[in-house]
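**Q** Numbering (the numbering used here), first residue to last: 94 to 795.
Glycine included, every Cβ here is placed at the ideal spot set by N, Cα and C.
Pasting a structure here, questions to come.
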Amino acid sequence: MSGKKQTQLKHQKKAVQNPAAKKTVIQSTNRKWLPYLVLALMTLFVYSMSFNTEFIYNWDDAGYVSGNVHIKSLSFESIQNIFSEIYYMSNYHPITTLSYAVDWAIAGENPAWYHAINLLFHLLNTMLVFLVVKRIFRSQSDWVPFFVAMIFAVHPMHVESVAWISERKDVLYTFFFLLALLKYNDYKEATTNKWKPYLLLILFFMLSLMSKSAAVVFPVALFAIDWYERRKLNLMLIAEKIPMLALSLLFGIIALKSQTEAMQDLAPLLTLTERLQIVNHSLLTYLYKFFVPINLSGYYPYPIKDNGVLPSIYSIAPFITLGIIGLIVWLGRKNRELIFGLAFFIINLALVLQLKPVGGAVLAERYTYVPYIGLAIPLAFWLGRSAHKKKLFQVFIILIGIKFSVASFSRVPVWKSGDALFSNVLEQFPRNPYAWDNRGGLYWDIYASKKYKDNPAKKKIYTDKAYHDYTMALQLDASYVLPWSHRGILLFNINRYEEALSDFNKALELKPDYNDALLGRANTLSTLQKYKEAIPDYDAYLKMYPDSAQAYVWRGTAYHHLQQYDKAMTDLDIALKLNSKNAEAWYWKGLCFYNTGKNEEAITHFGKAIELKSDYQEVMVWQGMAYANLRQYSKAVETYSKALQLKPGDAVALVNRSVAYYNQNDFAHAIADLDAAGKLGYPLNKDYYMAVKSGDRRFQDK
Numbered sequence: 094m095s096g097k098k099q100t101q102l103k104h105q106k107k108a109v110q111n112p113a114a115k116k117t118v119i120q121s122t123n124r125k126w127l128p129y130l131v132l133a134l135m136t137l138f139v140y141s142m143s144f145n146t147e148f149i150y151n152w153d154d155a156g157y158v159s160g161n162v163h164i165k166s167l168s169f170e171s172i173q174n175i176f177s178e179i180y181y182m183s184n185y186h187p188i189t190t191l192s193y194a195v196d197w198a199i200a201g202e203n204p205a206w207y208h209a210i211n212l213l214f215h216l217l218n219t220m221l222v223f224l225v226v227k228r229i230f231r232s233q234s235d236w237v238p239f240f241v242a243m244i245f246a247v248h249p250m251h252v253e254s255v256a257w258i259s260e261r262k263d264v265l266y267t268f269f270f271l272l273a274l275l276k277y278n279d280y281k282e283a284t285t286n287k288w289k290p291y292l293l294l295i296l297f298f299m300l301s302l303m304s305k306s307a308a309v310v311f312p313v314a315l316f317a318i319d320w321y322e323r324r325k326l327n328l329m330l331i332a333e334k335i336p337m338l339a340l341s342l343l344f345g346i347i348a349l350k351s352q353t354e355a356m357q358d359l360a361p362l363l364t365l366t367e368r369l370q371i372v373n374h375s376l377l378t379y380l381y382k383f384f385v386p387i388n389l390s391g392y393y394p395y396p397i398k399d400n401g402v403l404p405s406i407y408s409i410a411p412f413i414t415l416g417i418i419g420l421i422v423w424l425g426r427k428n429r430e431l432i433f434g435l436a437f438f439i440i441n442l443a444l445v446l447q448l449k450p451v452g453g454a455v456l457a458e459r460y461t462y463v464p465y466i467g468l469a470i471p472l473a474f475w476l477g478r479s480a481h482k483k484k485l486f487q488v489f490i491i492l493i494g495i496k497f498s499v500a501s502f503s504r505v506p507v508w509k510s511g512d513a514l515f516s517n518v519l520e521q522f523p524r525n526p527y528a529w530d531n532r533g534g535l536y537w538d539i540y541a542s543k544k545y546k547d548n549p550a551k552k553k554i555y556t557d558k559a560y561h562d563y564t565m566a567l568q569l570d571a572s573y574v575l576p577w578s579h580r581g582i583l584l585f586n587i588n589r590y591e592e593a594l595s596d597f598n599k600a601l602e603l604k605p606d607y608n609d610a611l612l613g614r615a616n617t618l619s620t621l622q623k624y625k626e627a628i629p630d631y632d633a634y635l636k637m638y639p640d641s642a643q644a645y646v647w648r649g650t651a652y653h654h655l656q657q658y659d660k661a662m663t664d665l666d667i668a669l670k671l672n673s674k675n676a677e678a679w680y681w682k683g684l685c686f687y688n689t690g691k692n693e694e695a696i697t698h699f700g701k702a703i704e705l706k707s708d709y710q711e712v713m714v715w716q717g718m719a720y721a722n723l724r725q726y727s728k729a730v731e732t733y734s735k736a737l738q739l740k741p742g743d744a745v746a747l748v749n750r751s752v753a754y755y756n757q758n759d760f761a762h763a764i765a766d767l768d769a770a771g772k773l774g775y776p777l778n779k780d781y782y783m784a785v786k787s788g789d790r791r792f793q794d795k
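See the structure below:
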C-alpha cells in the first residue's frame, strides 16, 4: 500500500473514531424529521379554524354528504351500489363516496369530523410531495423539497380543496396520485422484482382514478418525468404505460358521459374562438394567482360580454400565453426543471381549462391543488441557485411561508358556511345573478325552511333575505329562469299565491319544460282551487318524472277535488306502489272512499295514514267521521279525542265529538264540547244546541 493511501486510511480511521464526528452524524440523522414537523405545524396552524364550520349546503355538501343516500350504510349492498352508481353528482368517484360512508358511520352529520379527515389527507399529501420531489430530483438538500411541499401545504389557492368538505375527492385522489409517483420511481430504480412496485403503481393509480377522474392525466405526467430523467423513448418505455393509458381512456369516457348534461350548459353560448380566448385567460390567471393569490373567490363566473364581445383582455390573452411559453422554452434550454415544471402544471390543468365548458364556472381554485406542484419545483431550484448564500434562500422561504400561511389562515373562515362563502363571492362579483340566486336558496331552503322553521322572527328575517337575493338576481338578468321559479316557491310558501303564480308563469315562458316551475304552478293553481288548470302541468311534470310518488298524490288530490274519484284513485294507487309509506296518499285515497260512501275502506286507509304518521290530526278527524257514518259512536269519540289531544283548539273536532256523544245520550259531554267550540268562534246551530242542552233526542241518527 502506498504512503498516500496509508495516510488517507489513517485519516478515515481518525474521523470514525472522533466523538465529535459521531455526534455530527447523529444530529444529522435526528434532524431528518424536522422538515416534516415544520410542515405539519404550519399546515395545522393554517387550517385550525376549519373544524368550527358547518356543511355548505348550497354548494354540493348536501349532495355529497347529508342528502347522499349511498353513504348512510356500510352494508355489502350499499358498498356495491357505491361502485355501480356511475353518474352520481355528475361524477364517478366510488372511493371518495366510500370515504364519506365511513365518515357517516363514525360521525354522522358532524362536519368537524369530515374536515378533520380532509386535513389529515392534506397533511399526508404534503409529506408525500416532500418525498416525491426529494426522490425524483435526487435533491441532496432538504430545502428544495421543503419549499415545494410548503407551497403545496399553505398556498391560499389550496384552501378550497381542504376546507370544503365536498373536495374530499381532491385530497384523496392526490394522495393515491403521489403514492403512484413514488412507486413509479421505485419501479424505475428496481433491478430485480420490478413487478412488485409496478403492481402497486397500477393499484394506486386505479384508486386515484376512482377518487377523482382528474387522475386520467397521470400517464402523461410519467412521460414528463421520463423526459426530465432522460430516459430513452422506446417500445419498452411506452409498453409499461399501456395499462395505465387504457385505464385513463376508460375512466375518461366514464367522466365525459357523466358530465354530458353539465357540458351542455354553456357550450352553445360560446364560439370556438371565444373558448380558446377563455382557455388562455384562465391559464394566465392560474399563473398569476400562484405568485399573487389575491381577490380569491369560491366561484368564478364566465365574463360578461359587452355588445356580444368578450372584454379585450381575453382577445390578447393567447398572445401573452405564447410569449410566456416562448420565454420559458428559451430559458429552459439549460434548465430542465423549468420545462418539466411547466409541463407538469399544464398536464394536470389541461382538462379543466374549459375548452369544452362544464357548468357555470370559468375556473376554480381547487383545480390548482396538484398543478401548482409543477410551478413550485422550478421556482425552488431557481431560488436555490440564485441565492449566493444559503441563508438568503432560507430567509426567502420563511418570508413566503409566513405570508402564505397568514393569507390562508384568513381565507379559511370564508368556507365556514354557505352564507360566508357566497357573501364573499358577491364581494368579488356583485353583478353575477347566479351568486345572488344561490345565496337566496340557502336563506330560504336551509335557514328559513329548516334551521329556523320554529323561530318565527328569524324565519321572517331569512325569508326576507331570500326574497331580496332572488329579486337582485332577476334585476341583473330577467332572462334567468332559476330565480323566477325559486322566488315563486318562496311566495307560495308564505301564502302569496297570485304573486307566486306570476313568477311561475314567467319561468315557464322562459323555459316551458322547467320541472320545478311546472310543479310549482300546478300546486299554486290547486291551492287557488283552479284544479282543471293544474292538471296539464301535473301531466307534463309526470311525463318527465314518472317515478315521482308525490306528484301522483298531488294530481290525485286535484282529481279528487274535481270529484273524478276513479282518476284520483288510479293516481293514488300508483303513488302507493312507488312509495307505500306515503301517508298523504293513504289519506287522500281514504277520502275518495269516504266521499263515495265506502266508510269501512275509508277507515282502513285513514288508519294506515295514522300508522305512518302518528300526529296526523286532520286524518283522525276524518276517521272519526267515517266511524260516525257507520254509527260506531264510541270509536268515533275515541278517535276525535285523540285528534283533540294533538290540537285542543280544533272546533270542528269538538262539534263532531259532540254529535257522537249526543247520539250516545251523553248530553253532558255533548254540551261541554259545543260550549268549547262556541268559545273558539264556531257558529253553532241554535236549535241543535238547545236540543242537546235539554236532552231532546230529535236530532239523533235514526
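Taking the alpha-carbon of Arg459 as reference, which of Leu431, Leu737 and Arg261 has the nearest alpha-carbon?
**A** Here the question's residue 459 lines up with position 366 in the sequence shown. When only C-alpha atoms are compared, the closest one is Arg261.
**Q** Check each candidate in Phe230, Gly581, Leu415 and Ile387 and name the one with the smallest Cα separation from Arg323.
**A** Numbered from its first residue, the sequence shown carries residue 323 at position 230. Here the closest residue by C-alpha is Phe230.
**Q** Is it true that the region 200 to 214 meets the region 137 to 150, where meeting means three or more beta-carbon pairs spaced less than 8 Å apart?
**A** As far as the Cβ criterion goes, the region 200 to 214 touches the region 137 to 150, which means the pair count is three or higher.
**Q** Between Thr620, Gln656, Tyr607 and Pro605, which has its C-alpha nearest Glu592's C-alpha?
**A** Your numbering for residue 592 matches position 499 in the sequence shown. Checking every option, the nearest Cα to that of Glu592 belongs to Thr620.
**Q** Hey, quick one: how far does the alpha helix (DSSP H) through Val67 stretch, first residue to last?
**A** The question about residue 67 has no answer, for the chain in this structure spans 94 to 795.
**Q** Write down the C-beta distance between Leu514 and Val505 rounded to the nearest angstrom, noting that I regard them as a contact closer than 8 Å.
**A** Walking along the sequence shown from the start, residue 514 turns up at place 421. Walking along the sequence shown from the start, residue 505 turns up at place 412. With a Cβ gap of about 11 Å, Leu514 and Val505 do not count as contacting.
**Q** Would you identify the three-state DSSP class for Asn388, choosing helix, strand or coil?
**A** The residue labelled residue 388 in the question sits at position 295 within the sequence shown. In this structure, Asn388 counts as coil in the three-state DSSP scheme.
**Q** What residue does the alpha helix (DSSP H) around Val237 start on, and which one ends it?
**A** Locating residue 237 in the sequence shown gives position 144, counting from the first residue. First-last of the alpha helix (DSSP H) with Val237: Trp236 to Val247.
**Q** Go ahead and pull the three-state DSSP assignment for Tyr393.
**A** Numbered from 1 along the sequence shown, position 300 holds the residue referred to as residue 393. Tyr393 falls in the strand class under three-state DSSP.
**Q** For the alpha helix (DSSP H) holding Val752, just list the boundary residues, first then last.
**A** As a position in the sequence shown, residue 752 is number 659, starting the count at 1. Counting along the chain, the alpha helix (DSSP H) containing Val752 begins and ends at Ala744 to Asn756.
**Q** Using the Cβ count rule (16 or more neighbours within 10 Å means buried), how would you classify Pro471?
**A** As a first step, residue 471 is located in the sequence shown; it is residue number 378 there, counting from the start. Classification for Pro471: buried.
**Q** Can you tell me the Cα-Cα spacing of Ala242 and Ala273, whole angstroms?
**A** Locating residue 242 in the sequence shown gives position 149, where the first residue counts as 1. Locating residue 273 in the sequence shown gives position 180, where the first residue counts as 1. Straight-line Cα distance between these residues: approximately 17 Å.
**Q** Look at Tyr59 and Gln352 and say whether their C-beta atoms are less than 9 Å apart.
**A** Nothing in the structure corresponds to residue 59, since the chain is present only between 94 and 795.
**Q** Specify the secondary structure class of Asp399 as computed by DSSP and reduced to three states.
**A** The count along the sequence shown starts at 1 and reaches residue 399 at position 306. Correct three-state label for Asp399: strand.
**Q** Between Phe502 and Val139, is the Cβ-Cβ spacing less than 9 Å?
**A** Taking the first residue of the sequence shown as position 1, residue 502 is located at position 409. Taking the first residue of the sequence shown as position 1, residue 139 is located at position 46. Taking 9 Å as the Cβ cut-off, Phe502 and Val139 qualify as a contacting pair.
**Q** Just verifying my parser: in three-state terms, what is the DSSP assignment at Leu621?
**A** By one-based count along the sequence shown, residue 621 stands at place 528. Residue state, collapsed to three classes: coil.
**Q** Among Lys305, Met303, Ser304 and Leu275, which residue has its Cα nearest to the Cα of Leu292?
**A** Numbered from its first residue, the sequence shown carries residue 292 at position 199. It is Leu275 whose Cα lies nearest to the Cα of Leu292.
**Q** Fully enclosed by the region 600 to 686, which alpha helix (DSSP H) runs are 4 residues long or longer?
**A** Segments of the alpha helix (DSSP H) lying fully in the region 600 to 686: 608 to 620, 624 to 637, 642 to 654 and 658 to 671.
**Q** Going by Cα to Cα distance, which pick from Val455, Ala256 and His248 is closest to Tyr392?
**A** Start at 1 with the first residue of the sequence shown, and residue 392 comes out as number 299. For Tyr392, the nearest C-alpha among the options comes from Val455.
**Q** Going by beta-carbon coordinates alone, are Met337 and Phe298 separated by less than 9 Å?
**A** In the sequence shown, the residue the question calls residue 337 occupies position 244. In the sequence shown, the residue the question calls residue 298 occupies position 205. Going by C-beta atoms, Met337 is nearer than 9 Å to Phe298.
**Q** Return yes when the Cβ of Gly717 is within less than 9 Å of the Cβ of Asn758, no when it is not.
**A** On the sequence shown, position 665 is the one that residue 758 refers to. On the sequence shown, position 624 is the one that residue 717 refers to. No, the pair does not count as a contact, with Cβ atoms beyond the cut-off.
**Q** Is Ala454 helix, strand or coil when you go by DSSP?
**A** On the sequence shown, residue 454 is found 361 positions in, with the first residue counted as 1. The answer is strand: DSSP assigns Ala454 an E or B state.
**Q** Is Asn531 helix, strand or coil when you go by DSSP?
**A** As a first step, residue 531 is located in the sequence shown; it is residue number 438 there, counting from the start. Helix.
**Q** Taking the alpha-carbon of Thr189 as reference, which of Gly201, Thr284, Ala676 and Phe214 has the nearest alpha-carbon?
**A** Within the sequence shown, numbered from 1, the residue matching residue 189 stands at position 96. Cα-wise, what sits closest to Thr189 is Phe214.
**Q** Reducing DSSP to helix, strand and coil, say where Asn184 ends up.
**A** Here residue 184 refers to the residue found at position 91 of the sequence shown. Strand at Asn184.
**Q** Run through DSSP, which three-state label would Asn517 get?
**A** Reading the sequence shown from its first residue, position 424 is the one you call residue 517. The answer is helix: DSSP assigns Asn517 an H, G or I state.
**Q** May I ask which residues mark the beginning and end of the alpha helix (DSSP H) holding Gly416?
**A** On the sequence shown, residue 416 is found 323 positions in, with the first residue counted as 1. First-last of the alpha helix (DSSP H) with Gly416: Ser405 to Leu424.
**Q** Just the C-alpha distance for Leu415 and Gly452, rounded to the nearest angstrom, thanks.
**A** Along the sequence shown, one-based indexing puts residue 415 at 322. Along the sequence shown, one-based indexing puts residue 452 at 359. Roughly 27 Å between the two C-alpha positions.
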